[in-house]
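Here the UniProt record's numbering runs 1 ahead of the position in the sequence shown, where the first position is 1.
Every residue gets a Cβ at the ideal spot worked out from N, C-alpha and C, and that includes glycine.
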Amino acid sequence: QILPNSSEPLKEVRVEDDRTGLSIETLKRAFADNLFYIQGKFPEIASRNDFYMALAYTVRDRLLRRWLNTAETYTRNASRTVAYMSAEFLMGPQLGNNLINLGIYDQVNQAMKELGLDLEELLEEEEEPGLGNGGLGRLAACYLDSLATLEIPSLGYGIRYEFGIFEQDIKDGWQVEITDKWLSAGNPWELPRPEWSVEVKLGGHTEMRADEHGHFKVYWLPDKIVKGIPYDTPILGYKTNTANTLRLWKAEAVESFDFYAFDSGDYLGAVHQKTVSENISKVLYPNDNSAQGKELRLAQQIFFVSCSLKDMTRIMAGQNVPLEQFADKFVIQLNDTHPSVAIPELMRLLIDEHNMTWDQAWGITKKTFAYTNHTLLPEALERWPISLFGRMLPRHLEIIYEINNRFLDEVRMKFPDDVDRLRRMSLIDESGERYVRMAFLACVGSYSINGVAALHTELLQKDVLHDFYEMYPEKFNNKTNGITPRRFMVLSNPRLCKLLHSKIGDEWVKNLYELRKLEGFVDDPEFRHQWRQMKQEIKQDVVDYIKSTTGINVNVNSMFDIQAKRFHEYKRQHLNVLHIITLYNRIKANPNIEITPRTFLFGGKAAPGYYMAKLIIKLINSVGDIVNRDPDVRDRLKVVFLKDFSVKFAQKIYPAAELSEQISTAGKEASGTGNMKFALNGAITIGTLDGANVEILEEVGAENFFLCGLTTEEVYALKAKGYKPWEYYKKDPELKLAIDRIASGFFSHGDPNLFKPLVDHLLGNDQYMLMADYRSYIDTQDEVSQAYRDIDRWTRMSILNVARMGKFSSDRSIRDYCEDFWKIQPVKIDLKQYVEATA
Ligand code: CR1
């Protein structure tokens with residue numbers, strides 16, 4: 002209660018139309034106002050960033066009413082809410098997306114034009130928040146967009162990293178990492194909420210003591226306390242009034258440290274403590290699909306999870322919902338195991354701080370959490386050494402032991418006399434150094450466990466989580482990933498949208514299955530012609546971009562063959578390189594050979610500590626240096642590495658793609674989401690039967706997809722029988738020549754050592770079976786080249802890929818989550834008229 006003694010409600014807020022109006026005149030005035038009063042600049046001395054900021058604030062003003070009305074409605078109704086907990090949110094630039102979702106892109110474009118400014122340039126100016134590594138973080142961002150669009154009450158909870166994913170430069174063909182100072186020019190989209198700060202305990206020890214009633218209780222005496230400050234960003238739905246919240250936590254020192262310094266005179270010591278605290282939210286760990294067993298990483302996890310849970314209890318208190326109803330008020334979705342310490346943390350809060358019994362607390366916890374697994378790779382499954390875990394979270398370790406004891410009793414009851422099963426399923430790995438197995442903790446503490454594509458879920462059940470599937474079959478379910486068509490079509494591919502608009506309207510933006518209507522035009526030669534023309538224009542933009550950034554001349558009539566994703570051996574960018582070398586070798590053997598001209602485009606970052614992935618980047622650049630310069634090639638092949646792949650950059654690239662490379666070893670890519678973005682923009686996939694490729698193939702039809710490689714069963718069978726990569730090399734002359742050229746130093750100025758580790762890997766154990774898949778891949782690529790020469794066939798395939806992508810909207814994914822186990826209904830937001838228009 003803000004005004005406890007007042008019987009009068011607060012007067013309605015009245016602001017002039019400049020804060021809210023959507024007419025071009027009003028937008029211009031508001032822009033000038035923000036430039037003057039927020040940026041403190043007049044046009045003659047304003048930088049491009051000042052103009053960007055002025056526009057961003059103009060747009061933010063127009064979001065605020067929706068945001069506040071949404072919060073007000075949820076508060077009043079105490080609406081059931083999804084809390085999406087994720088260590089990563091790869092949001093991409095906000096301005097363009099907000100213009101699209103507010104439906105004012107064209108007005109703002111016009112307003113800027115009238116002011117002599119170029120909206121495109123201002124959009125370019127935005128530093129995107131790169132608070133994620135790849136698919137997992139971007140999925141979280143797509144889900145927030147769909148949650149808001151579907152009017153589902155939700156909160157995203159994560160970390161406000163001061164430095165996001167590093168910026169990638171390429172020097173002499175090698176990746177070089179530069180810190181990402183995304184906040185340096187200011188972030189107009191966030192609002193700090195210091196009044197909702199919370200404290201998080203770390204370290205120390207626990208003690209049993211009697212409380213005031215003589216009951217024994219556990220007390221945790223930490224040796225460190227850190228403060229979390231929430232920063233809120235509005236997440237507006239597409240053409241709805243719903244604006245949900247992304248709440249990211251920044252770590253700061255608690256004030257007591259300052260007092261301590263004052264008292265003790267240890268000023269430098271206290272300042273040091275301050276730095277230690279602030280370090281927690283300093284930087285995103287730049288690993289994709291591999292666990293980072295570092296103390297600071299665990300500190301990040303408990304930090305944001307504890308802040309978020311306390312925030313949720315604060316929200317409940319504000320809405321007069323008793324804590325007993327936690328699981329009715331919130332469902333917490335764990336985006337992989339990174340937030341899974343939330344399970345013991347909620348137990349601790351309910352038992353130690355709110356005096357519930359174990360059974361009561363466990364009953365609530367088990368009904369609150371749902372866990373999404375994103376990977377089968379063993380190196381990505383998180384486990385924490387007991388010693389480290391216990392040092393930082395002594396109370397949580399006790400709770401995990403107790404959960405484990407009770408859980409193992411349950412296992413014993415269901416599977417009597419099966420000692421090996423107990424060993425396999427224990428939350429504590431005791432095979433060597435002892436570890437806490439976070440995925441198992443997530444399975445035990447959640448009521449739902451889902452994989453991210455049909456094949457992935459099946460493999461989880463058969464393999465990685467098989468024992469848990471036998472124990473709790475009812476918990477398992479599949480939720481195939483999706484992507485938001487707002488960002489990855491409406492915002493990034495205006496040309497395609499215009500063409501779609503002319504034929505099938507715009508319904509597809511909210512209901513992607515509507516794209517099916519395109520099938521009716523596939524036989525219309527005029528439409529196919531327009532389709533090709535559109536693609537050509539987009540490609541020309543990218544040709545110009547490549548020319549201006551790299552100096553490389555790209556043939557706009559060549560096939561744009563793109564692989565853009567994180568660098569990882571299982572994704573096999575080097576298999577793609579073997580194809581490039583094979584084509585090159587064919588040209589060298591016969592310079593007049595008929596060859597379909599191709600431009601090979603690569604984009605993606607490697608984890609800074611992942612040597613082999615960085616070597617593959619170097620290989621691409623080295624092969625490019627030779628191929629691009631060789632006069633025999635006569636510009637029929639071009640290899641371009643596009644540095645610093647990001648969301649912003651991805652938006653430029655997907656629309657230009659004609660062939661999408663999705664060639665991971667079967668059974669390794671949990672889902673993939675880039676595969677969906679490419680196909681939705683009219684690229685045809687060459688891919689293995691892996692992750693969501695399986696479902697894409699199913700949707701678009703085998704005749705519109707280039708399938709290659711071993712299946713998962715074949716991969717397993719071959720491994721079991723004894724895989725000998727060398728044999729493939731010996732038997733296939735094209736493969737042998739390709740490898741030999743790398744090994745001989747042909748691409749490394751005669752140095753045979755540079756790529757030796759890679760060659761040794763491939764001919765040694767070849768964990769990801771490139772040698773086995775090479776021939777199938779090359780033959781399929783030859784079919785691709787053939788198909789590309791048949792312009793009509795290719796265009797039909799492209800149109801049908803777009804037409805049949807309906808399933809892969811993140812709206813469908815989110816609807817599935819809602820109906821299947823979140824059990825949340827949409828809540829309509831009415832826009833309250835705070836404002837009297839004056840214009
Ligand atoms: C998977 O590798 C999937 C995304 C999103 C990644 C990728 O195939 O599309 O998750 N997994 O579900 C991951 O980052 C830690 O695991």
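Regarding residue i and the ligand CR1, is the C-beta to nearest heavy atom distance less than 6 Å?
{"i": "histidine 530", "result": "no"}
{"i": "valine 453", "result": "yes"}
List the residues that DSSP assigns as beta-bridge partners of residue i.
{"i": "histidine 206", "result": "Leu222"}
{"i": "methionine 472", "result": "BP columns for methionine 472 are empty, so no partner."}
{"i": "residue 863", "result": "The structure shown does not extend to residue 863, since the chain is modelled only from 2 to 840, so the question has no answer here."}
{"i": "isoleucine 685", "result": "Leu660"}
{"i": "residue 841", "result": "This structure cannot speak to residue 841, because the chain is shown only from 2 to 840."}
{"i": "valine 85", "result": "The question names valine, yet the displayed sequence has tyrosine at residue 85. Looking at the DSSP assignment, tyrosine 85 forms a beta bridge with Gly157 and Gln334."}
{"i": "phenylalanine 164", "result": "Val284"}
{"i": "tyrosine 232", "result": "Pro193 and Leu249"}
{"i": "valine 227", "result": "Val201 and Ala254"}
{"i": "tryptophan 385", "result": "Val437"}
{"i": "isoleucine 484", "result": "Ser810"}
{"i": "threonine 373", "result": "Asn336 and Asn451"}
{"i": "glycine 604", "result": "Ala565 and Leu643"}
{"i": "asparagine 479", "result": "Gly452"}
{"i": "isoleucine 429", "result": "Val437"}
Return the Cβ separation of residue i and residue j in integer angstroms, given the expectation that the two are a contact with Cβ distance under 8 Å.
{"i": "glutamine 334", "j": "alanine 371", "result": "5 Å"}
{"i": "serine 559", "j": "lysine 639", "result": "7 Å"}
{"i": "alanine 608", "j": "serine 291", "result": "7 Å"}
{"i": "residue 867", "j": "alanine 657", "result": "Absent from the structure is residue 867, since the part of the chain shown begins at 2 and ends at 840."}
{"i": "lysine 617", "j": "phenylalanine 650", "result": "One point to set straight first is that residue 617 is isoleucine, not lysine, in the sequence displayed. 19 Å between Cβ atoms; not a contact."}
{"i": "threonine 600", "j": "asparagine 556", "result": "7 Å"}
{"i": "serine 665", "j": "alanine 693", "result": "Serine 665 to alanine 693, Cβ: 11 Å. No contact."}
{"i": "lysine 29", "j": "alanine 112", "result": "5 Å"}
{"i": "leucine 394", "j": "isoleucine 303", "result": "6 Å"}
{"i": "alanine 328", "j": "lysine 368", "result": "4 Å"}
{"i": "aspartate 337", "j": "asparagine 374", "result": "7 Å"}
{"i": "leucine 184", "j": "isoleucine 105", "result": "26 Å between Cβ atoms; not a contact."}
{"i": "glycine 165", "j": "leucine 132", "result": "5 Å"}
{"i": "isoleucine 230", "j": "glutamate 253", "result": "6 Å"}
{"i": "glycine 710", "j": "serine 661", "result": "The Cβ separation is near 15 Å, so there is no contact."}
{"i": "asparagine 102", "j": "tyrosine 239", "result": "5 Å"}
{"i": "arginine 362", "j": "leucine 310", "result": "The residue you asked about is not arginine; residue 362 is alanine in the sequence shown. Actually they do not touch by this definition, with Cβ atoms about 12 Å apart."}
{"i": "aspartate 93", "j": "threonine 674", "result": "A small correction: the amino acid at residue 93 is glycine; aspartate does not occupy that position in the sequence shown. Not a contact, Cβ separation roughly 13 Å."}
(message) Assess contact between the segment 765-775 and the segment 728-737, defined as three or more Cβ pairs (one per stretch) separated by less than 8 Å. Is contact present?
(response) yes
(request) Would you be able to state if there are at least three C-beta pairs under 8 Å between the segment 146-160 and the segment 122-131? (result) no
(request) Quick one: residues with CB closer than 6 Å to any heavy atom of the ligand CR1, in chain order, please. (result) The set of residues whose C-beta lies within less than 6 Å of a heavy atom of the ligand CR1 reads, in chain order, Gly136, Leu137, Leu140, Asp289, Asn290, Asp337, His375, Thr376, Ala381, Val453, Asn482, Glu670, Ala671, Ser672, Gly673, Thr674 and Gly692.
(request) Decide if the segment 400-409 is in contact with the segment 435-445; the criterion is three or more beta carbon pairs, one per stretch, under 8 Å apart. (result) Remark: three or more beta-carbon pairs, one from each stretch, lie closer than 8 Å, so the segment 400-409 and the segment 435-445 are flagged as touching.
(message) Quick check: the segment 243-257 against the segment 143-154, are at least 3 beta-carbon pairs closer than 8 Å?
(response) yes
(message) So, does the segment 811-830 touch the segment 683-697, judging by three or more C-beta pairs under 8 Å?
(response) no
(message) If contact is defined by three or more beta carbon pairs under 8 Å, each pair taking one atom from either stretch, is the segment 53-62 in contact with the segment 189-196?
(response) yes
(message) Pairs of beta-carbons, one from the segment 502-518 and one from the segment 795-813, closer than 8 Å: are there three or more?
(response) Yes, the segment 502-518 touches the segment 795-813.
(request) Report yes or no: do three or more beta-carbon pairs, one from the segment 738-753 and one from the segment 535-555, lie closer than 8 Å? (result) Below 8 Å, too few C-beta pairs join the segment 738-753 and the segment 535-555 to call them touching: fewer than three.
(request) Inspect the CB distances between the segment 795-802 and the segment 304-317 and report whether three or more fall short of 8 Å. (result) no
(request) Evaluate the contact criterion for the segment 167-182 versus the segment 619-633: three or more CB pairs, one atom per stretch, below 8 Å. (result) yes
(request) Give a yes or no on contact between the segment 265-272 and the segment 203-217, applying the rule of three or more CB pairs nearer than 8 Å. (result) Contact between the segment 265-272 and the segment 203-217 is absent, because fewer than three Cβ pairs lie under 8 Å.
(request) Check whether the segment 445-452 touches the segment 463-481, counting contact only when three or more Cβ pairs, one atom from each stretch, lie closer than 8 Å. (result) Yes: the two stretches touch, three or more of their Cβ pairs being nearer than 8 Å.
(message) Is it the case that the segment 407-425 contacts the segment 315-326, given that we only count it when at least three CB pairs across the two stretches are under 8 Å?
(response) no
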